[in-house]
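*Asks:* A single structure is presented below for examination.
Protein chains in written order, with the numbering used here: chain A, 15 to 275; chain B, 848 to 1188.
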């Protein structure tokens, strides 16, 4: 029996004004996968994510849970997919608990306030990420790494299986980058499915089950990380040299300086 | 979940408001002894014989015809302005906007003045005021988004300044053509903001739409938290952003436009009250919106008491709220920066 994809992107096209951003993208996301989207700036990674979340409208089709996206309301989509944006700045400084509770909105009726059960779910989500002790802190005063963890806890409180992350490690210090990757790895082992964009082929090698490379609005490679991330691909997409080495039985990507002057 | 914190703050604020209202009811140019009032109630409700029934007519007149409508109106308008301010700030993810800054008050005052010129019907004046309040906020947003396509705090404020100036100029045209002996002074005094003209039946009429919009905003408050994260995040979390925004803006514009119809332009309440509350209890709209309603009402009641009692002549309340509001806002600006960034 063939496994059904959770998300099925079919022949997706998207243009901004006259500028073509995505042309003919096909992508399937299956349960339990960690898919990394690689590609240079402006290649259409973030656009693809926004199309899947119905934040933008393109032509072609996206099936979420076997139903076309045009028939899904945002509330429906929020009951399948959690979105963790690149950074979060709001002029209003909510507490961590308030931020996590916002993940429950799609579960609440129009007039309903968060119930004891919603608080329970939020508390458990914070415990799962290991930041329960921050629950009364102001979100704006947290470090970049802690903010990402709060958004992950919010996504867990959303009680969905699919997490879509836009460059989760952007702006984080080195330690927090690695800790966040470990956390994604742990959550994926618990059955969560991830689709994330990244600028780091090495990170893609570290935690992905599949890598998709987008360049010029088209998918140019889709497959197992060690097969997709090669010297040639790095040269082709980023115009730099890199070595793919094996360290502790893991493939790693190490960039090499070129003499330019 | 128990909402202990919310209940605590709301009850304290409500108690303060009630005490302030009682104080305003009995204290003024003519002080009414509580005991005299009790005797009056005893006489009216339980039909017991009292010695000084001749003063009761005066008490009745002062309390029910002069002070009570004024108190109720002050509370209603303060609540309407503060709640709309908090809602506008959430809708535009911009802590610097308010009904005044977005041009709603100017638009509504033009609309109300126009309404007064063309019709004697009270509800027409209300509808025209609301219509122009809505047009002016739309115009402010349009200008704000024309220059930059991203949501910019400063551009929206500028858009509001432009929209406000436009309607202030249009209002000047009405003033210019108005009869200098009757309509013009009426418009000018009304614009300075006054609660003195309040009649109990008028207050009840305007109370219904204002209370409906405040209640609506309170019921929607959980969505405002999400909307203030920005459209994309709110949508991704499952909020129907367009629907919530349009309903919220209509309700906030309705409440603040009607305040203009009743008492002219009363500035600063919608800007400072939400800030003060955010500094005291945090930004969560579940508490911010209802608390803004109560504290806004109490603030305007207090300002009205000062305007009545401070000097021998009554200062128009719109002038007083500006005089009180500006220093408070400077302090708020200084302290609030940390909370926005």
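All C-beta atoms, glycine included, are put in the ideal place defined by N, C-alpha and C. On a predicted model such as this, the values are computed, not experimentally measured, just so you know.
So the beta strand (DSSP E) residue 261 of chain A belongs to, where does it begin and stop?
*Replies:* 255 to 261 is the span of the beta strand (DSSP E), which, as asked, contains residue 261 of chain A.
*Asks:* Do residue 951 of chain B and residue 984 of chain B have their CB atoms nearer than 9 Å?
*Replies:* Yes. Within cutoff.
*Asks:* Check the Cβ-Cβ distances between residue 937 of chain B and every residue of chain A, and say whether any is below 9 Å.
*Replies:* At least one chain A Cβ lies under 9 Å of residue 937 of chain B.
*Asks:* Below 8 Å on the Cβ atoms is my guess for residue 84 of chain A versus residue 70 of chain A; work out the distance and round it to an integer in Å.
*Replies:* With a Cβ gap of about 13 Å, residue 84 of chain A and residue 70 of chain A do not count as contacting.
*Asks:* Can you give me the start and stop residues for the beta strand (DSSP E) that residue 86 of chain A sits inside?
*Replies:* Per DSSP, residue 86 of chain A belongs to no beta strand (DSSP E) and is neither H nor E.
*Asks:* Short of 8 Å Cβ to Cβ, which residues in the segment 110 to 122 of chain A face chain B?
*Replies:* From the segment 110 to 122 of chain A, only 112, 116, 117, 119, 120, 122 have a Cβ closer than 8 Å to chain B.
*Asks:* If the cut is a Cβ gap below 9 Å, which residues of chain A does residue 940 of chain B touch?
*Replies:* The contacting residues are 104, 105, 106.
*Asks:* Going by Cα to Cα distance, which pick from A:252, A:262, A:73 is closest to residue 270 of chain A?
*Replies:* Checking every option, the nearest Cα to that of residue 270 of chain A belongs to A:252.
*Asks:* Helix, strand or coil, according to DSSP, for residue 1190 of chain B in the structure here?
*Replies:* Since the first residue shown for chain B is 848 and the last is 1188, residue 1190 of chain B is missing from the structure and cannot be characterised.
*Asks:* Over the uninterrupted beta strand (DSSP E) stretch that includes residue 850 of chain B, give me the two end residues.
*Replies:* Premise fails: residue 850 of chain B is in no beta strand (DSSP E) and is neither H nor E.
*Asks:* Just mark residue 196 of chain A as buried or exposed, buried being the case when its beta carbon has 16 or more other beta carbons within 10 Å.
*Replies:* Residue 196 of chain A is exposed by the Cβ-count criterion.
*Asks:* Does the beta carbon of residue 1083 of chain B come closer than 9 Å to any beta carbon on chain A?
*Replies:* It does: the Cβ of residue 1083 of chain B has a partner Cβ on chain A nearer than 9 Å.
*Asks:* Please report whether the beta-carbon of residue 182 of chain A lies at a distance below 9 Å from any beta-carbon of chain B.
*Replies:* No, residue 182 of chain A lies away from the interface with chain B (no Cβ there is under 9 Å from its Cβ).
*Asks:* Go through its chain and collect everything with a Cβ distance to residue 1142 of chain B's Cβ below 7 Å, but skip five positions before and after it.
*Replies:* Once the five neighbours on either side are set aside, the close Cβ partners of residue 1142 of chain B are 860, 929, 1120, 1124.
*Asks:* Go ahead and pull the three-state DSSP assignment for residue 889 of chain B.
*Replies:* Residue 889 of chain B: helix per DSSP, three-state reduction.
*Asks:* Between residue 1168 of chain B and residue 1117 of chain B, which are expected to be in contact by the criterion C-beta below 8 Å, what is the C-beta distance as a whole number of angstroms?
*Replies:* That pair is no contact at about 10 Å.
*Asks:* Under a Cβ-count criterion, where at least 16 other Cβ atoms within 10 Å of its own Cβ denotes burial, should residue 1151 of chain B be classed as buried or exposed?
*Replies:* Buried: at least 16 other Cβ atoms inside 10 Å.
*Asks:* Confirm, please, whether the CB-CB distance from residue 940 of chain B to residue 1076 of chain B is below 9 Å.
*Replies:* Taking 9 Å as the Cβ cut-off, residue 1076 of chain B and residue 940 of chain B qualify as a contacting pair.
*Asks:* Taking a cut of 9 Å between CB atoms, which residues from the segment 1082 to 1116 of chain B lie near chain A?
*Replies:* Answer in chain order: 1082, 1083, 1084, 1085, 1086, 1087, 1088.
*Asks:* Determine the chain A residues that contact residue 1130 of chain B at a beta-carbon separation under 7 Å, and present them in chain order.
*Replies:* Going along chain A in sequence order, the residues near residue 1130 of chain B (Cβ under 7 Å) are 106, 107, 108.
*Asks:* For residue 269 of chain A, which of helix, strand or coil comes out of DSSP?
*Replies:* Here residue 269 of chain A sits in strand by DSSP.
*Asks:* Over what stretch of residues does the beta strand (DSSP E) that includes residue 979 of chain B continue unbroken?
*Replies:* Element bounds for residue 979 of chain B: not the beta strand (DSSP E) but the alpha helix (DSSP H), 969 to 994.
*Asks:* Report, in whole angstroms, the separation of the C-beta atoms of residue 23 of chain A and residue 51 of chain A, which I expect to be a contact under 8 Å.
*Replies:* Not really, about 11 Å apart at Cβ, beyond 8 Å.
*Asks:* Between which residues of its own chain and residue 977 of chain B is the CB-CB distance below 8 Å, once the five residues before and five after are set aside?
*Replies:* Closer than 8 Å at the Cβ level, and outside the excluded window around residue 977 of chain B, lie 955, 958, 1100, 1101, 1104, 1105.
*Asks:* Any beta carbon from chain A within less than 9 Å of residue 856 of chain B's own beta carbon?
*Replies:* Closer than 9 Å: no.
*Asks:* In the DSSP assignment, what are the bridge partners of residue 243 of chain A?
*Replies:* None, per the DSSP bridge assignment.
*Asks:* What are the start and end residues of the alpha helix (DSSP H) that includes residue 940 of chain B?
*Replies:* Here residue 940 of chain B belongs to no alpha helix (DSSP H), and DSSP marks it neither H nor E.
*Asks:* 9 Å is my cut-off, CB to CB: does residue 1188 of chain B come that close to chain A?
*Replies:* The pLDDT assigned to residue 1188 of chain B is 46, lower than 50, so where the model puts this residue is not dependable, and the model offers no usable value.
*Asks:* Determine, using beta carbons only, whether residue 65 of chain A and residue 26 of chain A come nearer to each other than 9 Å.
*Replies:* It is a contact, given that the beta carbons lie within the stated cut-off.
*Asks:* At a Cβ cut of 8 Å, what residues of the segment 1044 to 1073 of chain B count as close to chain A, listed as they run along the chain?
*Replies:* Cβ contacts with chain A: 1066, 1069, 1070, 1072, 1073.
*Asks:* What are the residues that DSSP puts in a beta bridge with residue 26 of chain A?
*Replies:* Answer is A:39.
*Asks:* If you pair each beta-carbon of the segment 168 to 182 of chain A with each one of the segment 196 to 212 of chain A, do three or more pairs fall below 8 Å?
*Replies:* They touch, by the three-pair rule.
*Asks:* According to DSSP, is residue 1082 of chain B helix, strand or coil?
*Replies:* Helix.
*Asks:* Counting only beta-carbon separations shorter than 9 Å, does residue 1138 of chain B have a partner in chain A?
*Replies:* By this cut-off, residue 1138 of chain B is not an interface position.
*Asks:* What residues match up with residue 237 of chain A in a beta bridge as DSSP calls it?
*Replies:* Bridge partners of residue 237 of chain A: A:225.
*Asks:* Quick check on residue 900 of chain B - is its C-beta less than 9 Å from some C-beta in chain A?
*Replies:* Not an interface residue.
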